[in-house]
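Notes follow once the structure below has been shown.
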Amino acid sequence: SQQGEEDPQALSIQEGENATMNCSYKTSINNLQWYRQNSGRGLVHLILIRSNEREKHSGRLRVTLDTSKKSSSLLITASRAADTASYFCATDATNFGNEKLTFGTGTRLTIIP
Amino acid sequence: KAGVTQTPRYLIKTRGQQVTLSCSPISGHRSVSWYQQTPGQGLQFLFEYFSETQRNKGNFPGRFSGRQFSNSRSEMNVSTLELGDSALYLCASSWEGLAPGELFFGEGSRLTVL
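And the structure:
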């Protein structure tokens, strides 16, 4: 079963605009990660935010985490055609050891040149 | 440093056959996880191996099995293939201990069952 649900399922924006996607999860977590997947390829890690952090930046990426609402958002600023991909959040539930990553349903982002 | 290598990249099997997929993790990584990705179910966790021991298992039938060797390379096997087993099988490695950190994924093995 999916721990995370991304919203929206699909998003199309013009190149240069900002893209925001959201992730909601169900149980308490140690950390939350975001991954990108180009069509039919493997996933690439983008950023990790720990449960005691509220915001994190990496280049054009900004991630926020609200543990009270069990939600996270990923903002990509000044989008480029190369950002076209599916984006997944992944969480590890606090299971007192032997945690595993559970992925959300993904947001398919299309950047229109 | 070489990335995660999965072989074969593509394969076609028929119902009832079995298949073995291989994964070579990044050098030094001791944890290997396997995921199944389908359009309908998304990314589903299969199992995770750490130092040759299965540490976590997802909700898949016993037809799905795996193992890890002393050099951290891992294989997964699916027996008595069904049409619904058609999927992209992704392997990921990491060096972390109990709490999962960043996963490094291979390009996947795309299995088609006819």
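Here the protein sequences come in this chain order: A and B. Under the numbering used here, the first residue of the first sequence carries the number 1, and numbering increases by one thereafter. Under the numbering used here, the first residue of the second sequence carries the number 1, and numbering increases by one thereafter. By construction, the Cβ of each residue, glycine as well, lies at the ideal position given by its N, Cα and C atoms. Model, not experiment: these values are computed from the prediction.
Original post:
Just checking, does the region 25-45 of chain B make contact with the region 78-96 of chain B on the three C-beta pairs under 8 Å criterion?
Top reply: yes
Original post:
Can a CB atom of chain A be found closer than 9 Å to the CB of E48 (chain B)?
Top reply: yes
Original post:
Hey, does R108 (chain A) have any beta-carbon neighbour from chain B nearer than 9 Å?
Top reply: no
Subject >> Cβ of A2 (chain B) within 9 Å of any chain A Cβ >> reply: no
Original post:
What number of angstroms, rounded off, separates the C-alpha of S73 (chain A) from the C-alpha of F47 (chain B)?
Top reply: 28 Å
**OP:** Could you work out which residues of chain A lie near E102 (chain B), taking near to mean beta carbons separated by less than 8 Å?
**Re:** Q33, H45, L48
Original post:
Where does A92 (chain B) fall in DSSP's three states?
Top reply: strand
**OP:** Just grab the DSSP bridge partners of L61 (chain A) for me.
**Re:** A:S58, A:I76
Subject >> First and last residue of the uninterrupted beta strand (DSSP E) at A81 (chain A) >> reply: From DSSP, A81 (chain A) is part of no beta strand (DSSP E); its letter is neither H nor E.
Original post:
the region 66-89 of chain B: which residues have C-beta closer than 9 Å to a C-beta of chain A, in chain order?
Top reply: L88
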